[in-house]
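Notes follow once the structure below has been shown.
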């Protein structure tokens, strides 16, 4: 049977058989879809990468007002464009950990306060200039200076001093941070010649492609950089990005063969899209999650029993099935899931009307709780609120839902009202996620969470270089948030990409954004 | 100076005055827009320092009256400023987008206007018989269905199922005219369906109105056939209302096609405007507003002038 499978996989890899047909035959031989896919991707690699041609990407999230300056990039299209022409020092590896890019290697001092990065030699920018540690320094200065408008400023704040020389780039931090390599994988931090101080929008970098034409919000064309240092990525001769913000139009472009891949297939139609013969729907579980948030310092939510009653009163699986249409996973009332590097599985909290009723009784609260929601707080938020109302009602919790207008939701309701729906895109590390929203002094502490033990653990974990100990600390912190906090996190939403069978080489990634962390156009090739 | 010429000059002067008034309204309107451009540019990851720095750089703190006159003066010289969000010169970006919008509007007009008038004449010729009823039913149905729905339906049938024309109407300079026309085939079809009914019904109504006149009866009694009566006697006298509605629809084809642009990913003015409104990019919104107002006023001006000139009483005063 094994020989037969390998034979089939080789045929599929050579393009003599469709992927779907292969999966069908593999299933007939009693092989699960997951292992058949794995077998196929191995066979495809073995069959060899094909170079050349044009890969077209239909991408959501760009507008005519986008700038080419990586410092102010704030959407999927801008991120994808930066990935083409530029590179950061370090990148997230698909299977977890760090993928070295312009920093060949790095090491930290024993207290995680001083970090030294060895800059790759022999790399040139697309304008011919050779990359030096001074360019890296200038880039970091531009993103962290007093007058910067960089979206990466928040993560650059803790830097005390930086210096460059002898092909080394050294960062000294105010306080220890073992996660610095992950922070430097931020998409804003593409290294530019002289840090882009001369012309931040020039799109000159060391990336695998060179921009040939850029019409913000419309179309971007990039050609292979002939001097690129890493020949494992960048297979197509040309990559064309077409900005298609309308969901139906983007999917139609994929179905009609005008583009090879699209990001953000709407969950509602993803199963229908997957039925088309030449299209695969590829999902990546990410750190993004949809939440119901309670202010732990505001009555009645300052009552821990009432919070627990609500946490037991939500049916997480139902939310994943009906709001995400199965394209996601259940949450556990902590913002952390398996997409984080040092993740430990906690005991899953289930829907339990009896426990909810018990805690409601304990709380002594018999009034109505007011939940505010809006269409833009997350896709399907009003429906999710109605489901929550039903499941909590079964436990005797009286909930009233108030629909708020989309306009002004983020300035008037979120982080202002005591109980509302919202979403988080997630962060690359636990430290960043917890520091952004759960540290008692954080600007965006949208659950008004104030727990001394949690804060102490956060700072201790930041300075801890022993991964085992850090993993345990983060597990403890998640437990505290889950049991004490104001966060009800029913679900983590997947990234859903649509991929045509005309291109090959997508991998199942454990971390990063959609489209293989926006590397799919460079890592894939035309079949 | 004849009364017709005097009226035309008056209309043009009024049009210019109206445009000036529009510029004040647009400027005032964009001033009172809620929201903050710096917050919109930086998004969720903005920090207070970054916001303050960006606001300073964008210069959104000068007095409004001064900014209005500076803006108007520059706009008259063809300089619409630079976009706050991406720092690109607006005149250049809009030039491209306006060219695309006019390209789409032109081809939609080339097909829809003659078709609408022809169908209108046909409907009059066969008034209350089946061709009239069929034409009315089809065009009224197509104007009643929301345009994005027609767009999706045609996209599914023509682009995804039949694969005759592309679903993404992206055009660029490196394409030949044939390729461009193929790219915009579906949106042109949708726009034609959307504007057809209005012009067709107006043509039909205007001509039927004229057909009640005594001189039409005379023409019929002279022995002319129906088509000749319509062509030689009815149509010239119905031209004023028809031109009016045609111009109204042409203006719609230029300023009102944002939904079609979004659905077909067509790089025109509408999408450009919407992208910048959502980012509170005021100079671009003002520039687009001014251009849209100019197009609207200009086309209505043409309609007025044509009606004046087509009126024999004004052309040949006693």
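Chains as they are written, first to last, in this note's numbering: chain H, 486 to 1012; chain B, 375 to 692. Cβ atoms here follow ideal geometry from the backbone N, Cα and C, with glycine treated the same way. Computed from a prediction, not measured in an experiment: that's the story for all the values here.
Less than 7 Å separating the beta-carbons of residue i and residue j?
i	j	result
residue 529 (chain B)	residue 510 (chain B)	no
residue 596 (chain H)	residue 770 (chain H)	no
residue 450 (chain H)	residue 751 (chain H)	Only positions 486 to 1012 of chain H appear in this structure, which leaves residue 450 (chain H) out of reach.
residue 1012 (chain H)	residue 829 (chain H)	no
residue 885 (chain H)	residue 853 (chain H)	yes
residue 610 (chain H)	residue 691 (chain H)	yes
residue 558 (chain B)	residue 624 (chain B)	no
residue 621 (chain B)	residue 665 (chain B)	no
residue 716 (chain H)	residue 676 (chain H)	no
residue 774 (chain H)	residue 974 (chain H)	yes
residue 455 (chain B)	residue 657 (chain B)	yes
residue 738 (chain H)	residue 953 (chain H)	no
residue 424 (chain B)	residue 634 (chain H)	yes
residue 740 (chain H)	residue 534 (chain B)	yes
residue 958 (chain H)	residue 972 (chain H)	no
residue 561 (chain B)	residue 634 (chain B)	yes
Hey, how far is the Cα of residue i from the Cα of residue j?
i	j	result
residue 982 (chain H)	residue 540 (chain H)	15 Å
residue 489 (chain B)	residue 570 (chain B)	8 Å
residue 864 (chain H)	residue 826 (chain H)	27 Å
residue 702 (chain H)	residue 546 (chain B)	13 Å
residue 639 (chain B)	residue 659 (chain B)	20 Å
residue 614 (chain H)	residue 605 (chain H)	14 Å
residue 513 (chain B)	residue 525 (chain B)	16 Å
residue 806 (chain H)	residue 910 (chain H)	20 Å
residue 722 (chain H)	residue 710 (chain H)	9 Å
residue 794 (chain H)	residue 840 (chain H)	7 Å
residue 759 (chain H)	residue 765 (chain H)	6 Å
residue 552 (chain B)	residue 694 (chain H)	30 Å
residue 712 (chain H)	residue 565 (chain H)	20 Å
residue 547 (chain H)	residue 649 (chain B)	9 Å
residue 461 (chain B)	residue 945 (chain H)	43 Å
residue 833 (chain H)	residue 778 (chain H)	19 Å
residue 475 (chain B)	residue 652 (chain B)	20 Å
Under 6 Å Cβ to Cβ from residue i, same chain only, skipping five residues before and after it: list those, please.
i	result
residue 631 (chain B)	644
residue 584 (chain B)	608, 611, 612
residue 472 (chain B)	643
residue 486 (chain B)	566, 569, 570
residue 914 (chain H)	664, 667
residue 696 (chain H)	570, 688, 707
Who are the near neighbours of residue i in its chain, counting only those whose CB is closer than 7 Å to its CB and skipping five residues on each side?
i	result
residue 506 (chain B)	497, 500
residue 586 (chain H)	572, 573, 574, 575, 576
residue 578 (chain B)	494, 497, 498
residue 382 (chain B)	679, 682
With 16 other CB atoms within 10 Å as the buried threshold, where does residue i fall?
i	result
residue 666 (chain H)	buried
residue 390 (chain B)	exposed
residue 467 (chain B)	buried
residue 482 (chain B)	buried
residue 570 (chain H)	buried
residue 877 (chain H)	buried
residue 538 (chain B)	exposed
residue 509 (chain H)	exposed
residue 670 (chain B)	buried
residue 405 (chain B)	exposed
residue 921 (chain H)	buried
residue 658 (chain H)	buried
residue 589 (chain B)	exposed
Between the Cα of residue i and the Cα atoms of the options, which residue gives the shortest distance?
i	options	result
residue 734 (chain H)	B:636, B:624, B:615	B:636
residue 708 (chain H)	H:583, H:537, H:812	H:537
residue 986 (chain H)	H:548, H:587, H:762, H:558	H:762
residue 791 (chain H)	H:617, H:569, H:849	H:849
residue 582 (chain B)	B:494, B:634, B:641, B:593	B:494
residue 680 (chain H)	H:554, H:772, H:645	H:554
residue 343 (chain B)	B:615, B:522, B:453, B:461	As shown, chain B starts at 375 and ends at 692. That puts residue 343 (chain B) outside it, with no answer to give.
Beta-carbon within less than 8 Å of residue i's beta-carbon, same chain only, minus the 5 sequence neighbours each way: which residues are those?
i	result
residue 894 (chain H)	859, 861, 862
residue 704 (chain H)	698, 725, 726, 727, 728
residue 582 (chain H)	826
residue 636 (chain H)	556, 557, 558, 559, 673
residue 868 (chain H)	807, 808
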